[in-house]
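These notes concern the structure reproduced below.
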Amino acid sequence: MQLLHYNNLFCWFWYIVIPCLGLQYLLLQVLWHTTRKTPAKIPAGNRGIPFIGETIHFMAAINSNKGFYDFIKIRRLKYGNCFKTNIFGQTHVFISSTEAAKKILRNETGNFTKRYIKSIAELVGDQSLLCASHHQHKLIRSHLSALFSRASLSSMVKQFDELTVNNLSTWHNKSSIIILHEALKITLEAICKMLMTLEEKKELEMLHKDVGLIYEAMLSFPLRLPWTRFYKGLQARKRIMILLDKIIEARRRSKEKCDDFLDHLLIKDGEKSIEEETQLRNQQIKDNILTMIIAGQDTTASAITWMIKYLDENPEALNQLRGEQQALQQKVSRKAHLTFEDLNCMPYASKVVKESLRMASIVPWFPRMALQDCQIEGFTIKKGWNINVDAKSIHFDQMIFQDPYKLIPSRFDDDSKPYSFLAFGMGGRTCLGLHLARAMMLVFVYRLTTSYRWKLLDSDESIEKWTLFSRLKSGYPVHVTGIDEEREFPNA
Ligand code: HEM
1 MQLLHYNNLF CWFWYIVIPC LGLQYLLLQV LWHTTRKTPA KIPAGNRGIP
51 FIGETIHFMA AINSNKGFYD FIKIRRLKYG NCFKTNIFGQ THVFISSTEA
101 AKKILRNETG NFTKRYIKSI AELVGDQSLL CASHHQHKLI RSHLSALFSR
151 ASLSSMVKQF DELTVNNLST WHNKSSIIIL HEALKITLEA ICKMLMTLEE
201 KKELEMLHKD VGLIYEAMLS FPLRLPWTRF YKGLQARKRI MILLDKIIEA
251 RRRSKEKCDD FLDHLLIKDG EKSIEEETQL RNQQIKDNIL TMIIAGQDTT
301 ASAITWMIKY LDENPEALNQ LRGEQQALQQ KVSRKAHLTF EDLNCMPYAS
351 KVVKESLRMA SIVPWFPRMA LQDCQIEGFT IKKGWNINVD AKSIHFDQMI
401 FQDPYKLIPS RFDDDSKPYS FLAFGMGGRT CLGLHLARAM MLVFVYRLTT
451 SYRWKLLDSD ESIEKWTLFS RLKSGYPVHV TGIDEEREFP NA
């Protein structure tokens, strides 16, 4: 009897108490692991030597023909998708995940503000949309975004098409065409016409040269000595400001109405209203006209050049695109200009544009500054640090885009993962000219593929040094053959 009792006790202990204790232990473990706060880590990375940090490495990358993104790429591979470095005496964190991009670019917590390096801020001006304080930014952005209406986009499409047709019509006489140079010319003319009806050849040429000097100065060390790039950039800015003063002065005196951005932004003499205080002042208008030229010309021209390169390397995509464009050509009268509506009949071309923008990642990262200590993806970001969303790494993340180095326009048949396509940024600082840029790329590729076939003349893949937006050093030189000539001489 006693033995039976002990046996029962043993069974009870063995089959009930032990498993219960085990279960309890497991539950406690799960609870501990899920509720335990892992201490935030400081991003890995080398801060370089005191004061100078890794500035010399960064400058070396700017001056190399791999392009300055190589500086980021090397560290991304070494440290992972969040790392820190020190450039120009400041801590810069680079982060590349869609979740981090969402948090930083949406900025719901108000923890971040946009910040460019000192040289860029001085060159575009402190009233520029790119550098203005939060309050000023809101005011300026609301004025400028009103100008990118559907009506003005429609007229821009027509104007850009006219410029493209005129430009392309001279190509068949030439033995070599440098796509980047032609695209820079057309985009500058189109943007200057849209902004202030500037069509004078001499002034456009001067502007083209000076905007080029500003681009070159943007990544330079801010040294004001006469032989430095930075100084030359500042001088170019001064000349542009004088030109803009002259144009604004003439416009104020004029009674004529001009259908351009400047006319909408200016209050002319005798037109002062009670809302005057909310209107933009002269310096704001000038800084932002320069900003839109800088933000719009080089970016769009570089994107067009990369798109032509990618198409050339992917004959399948090029054939499919040509098929779509030639079918549309049957509908569009050959003499009439393309309309905004025509662009909606180019579903494949739209995907080619999007895919080219992903691959080119013209603006490779988006700079912000932390306004207070915070945490992102388990990493501590300290107040005052620069935090850069590394869009290019996201665009080439194999977990998001399969075969990321290949042009596959059909990958955009379906919606992509949120915050994975960042060519135009996201959130309150999204590119203001995105529809315009898309439209210019579509018009250009339509006119090129329906007019010419081209043959690449120089396959050098080097990236141009000292440019803010990555572009090919060769500018992509091609020899073109008219499609009409081919039809006349099919065996030629
Ligand atoms: C393919 C061409 C273009 C690309 C890839 C591009 C890309 C971008 C990106 C990524 C940003 C946001 C950067 C950030 O969040 O830090 C931006 C901002 C901006 N872009 Fe573009 N852009 C292009 C063309 C244009 C054009 C044609 C214009 C106007 C004429 C323009 C005007 C602006 C302006 C004014 C901003 C500043 C917006 C703000 O801070 O509120 N862009 N662009």
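Sequential numbering from 1 applies to the sequence shown in UniProt numbering.
Even glycine gets a Cβ: it sits at the ideal position worked out from N, Cα and C.
Check: Give the list of continuous beta strand (DSSP E) stretches no shorter than 3 residues that lie fully inside the region 83 to 163.; Outcome: 90 to 95, 112 to 114
Check: Between the beta-carbon of VAL157 and the beta-carbon of PHE340, is there less than 9 Å?; Outcome: yes
Check: For MET369, decide whether its Cβ has a neighbour in chain C, counting only Cβ atoms nearer than 9 Å.; Outcome: Any reference to chain C falls outside this structure, which holds one protein chain only.
Check: Just to check, is the beta-carbon of ALA423 closer than 8 Å to a non-hydrogen atom of the ligand HEM?; Outcome: yes
Check: If PHE469 sits next to VAL363, beta carbons under 8 Å apart, how far is it from one beta carbon to the other, in whole angstroms?; Outcome: 7 Å
Check: Does any heavy atom of the ligand ZN sit closer than 8 Å to the C-beta of HIS395?; Outcome: The ligand content of the structure shown is limited to the ligand HEM, which means the ligand ZN is not among them.
Check: Helix, strand or coil for ALA60? Go by DSSP, reduced to three states.; Outcome: helix
Check: Can GLU162 and HIS337 be called in contact, C-beta distance under 9 Å?; Outcome: yes
Check: Could you say which of GLN127, ASN63, ALA151 lies nearest to PHE221 if we only look at CA atoms?; Outcome: ASN63
Check: Please indicate yes or no: does the CB of ALA349 lie closer than 8 Å to some heavy atom of the ligand HEM?; Outcome: no
Check: Going straight from the alpha carbon of THR109 to that of LYS102, what length do you get?; Outcome: 12 Å
Check: How is PHE366 classed by DSSP in three states: helix, strand or coil?; Outcome: strand
Check: Tell me the DSSP secondary structure of PHE379 in three-state form.; Outcome: strand
Check: Between LEU105 and ARG429, is the Cβ-Cβ spacing less than 9 Å?; Outcome: yes
Check: Name the residue from SER361, THR380, ASP413, PRO409 whose alpha carbon lies nearest to the alpha carbon of ASN391.; Outcome: Checking the sequence shown, residue 391 turns out to be Ala, not Asn. The shortest C-alpha separation from ALA391 is found at SER361.
Check: Need the endpoints of the alpha helix (DSSP H) that PRO347 sits in, please.; Outcome: 347 to 360
Check: Kindly examine the ligand HEM and report whether one of its heavy atoms sits closer than 8 Å to the Cβ of MET359.; Outcome: no
Check: Would you check if the distance between the CB atom of ARG471 and the CB atom of ILE463 is smaller than 9 Å?; Outcome: yes
Check: ILE179: buried (16+ other C-beta within 10 angstroms of its C-beta) or exposed?; Outcome: buried
Check: Assuming GLN90 contacts ASN386 under a Cβ cut-off of 8 Å, what Cβ separation, rounded to an integer in Å, is found between them?; Outcome: 6 Å
Check: Measure from the alpha carbon of ILE42 to the alpha carbon of each residue in LYS382, GLY425, LYS255, then state which is nearest.; Outcome: LYS382
Check: Between LEU434 and the rest of its own chain, which residues show a CB-CB distance below 6 Å, the 5 nearest in sequence each way excluded?; Outcome: PHE424
Check: Exposed or buried, what is LYS78 when buried is set at 16 or more other beta-carbons lying within 10 Å of its beta-carbon?; Outcome: exposed
Check: In the DSSP assignment, what residue or residues form a beta bridge with CYS374?; Outcome: ILE381
Check: With LEU123 and ALA217 assumed to form a contact (beta carbons below 8 Å), what rounded beta-carbon distance in angstroms separates them?; Outcome: 6 Å
Check: In whole angstroms, what separates the C-alpha of VAL478 from that of LEU407?; Outcome: 20 Å
Check: With 16 as the cutoff for other CB atoms within 10 Å, does TRP365 come out buried or exposed?; Outcome: buried
Check: If you run the structure through DSSP and keep just helix, strand and coil, what is THR300?; Outcome: helix
Check: Helix, strand or coil: how does DSSP classify ILE400 here?; Outcome: coil
Check: Expressed to the nearest angstrom, what Euclidean distance is found between the alpha-carbon atoms of GLU313 and GLU205?; Outcome: 33 Å
Check: If distances are taken between C-alpha atoms only, which option among ASP413, GLN284, LEU448 comes closest to GLN326?; Outcome: LEU448
Check: Would you call the region 43 to 52 and the region 79 to 88 in contact, with 3 or more CB pairs under 8 Å?; Outcome: yes
Check: Does the region 69 to 78 come close enough to the region 410 to 419 that 3 or more CB-CB pairs lie under 8 Å?; Outcome: no
Check: Assign TRP227 to buried or exposed, taking buried as 16 or more other Cβ atoms, counted over all protein chains shown, within 10 Å of its Cβ.; Outcome: exposed
Check: What number of angstroms, rounded off, separates the C-alpha of ILE95 from the C-alpha of LEU188?; Outcome: 33 Å
Check: Within 10 Å of its beta-carbon, does THR170 have 16 or more other beta-carbons around it, so buried, or fewer, so exposed?; Outcome: exposed
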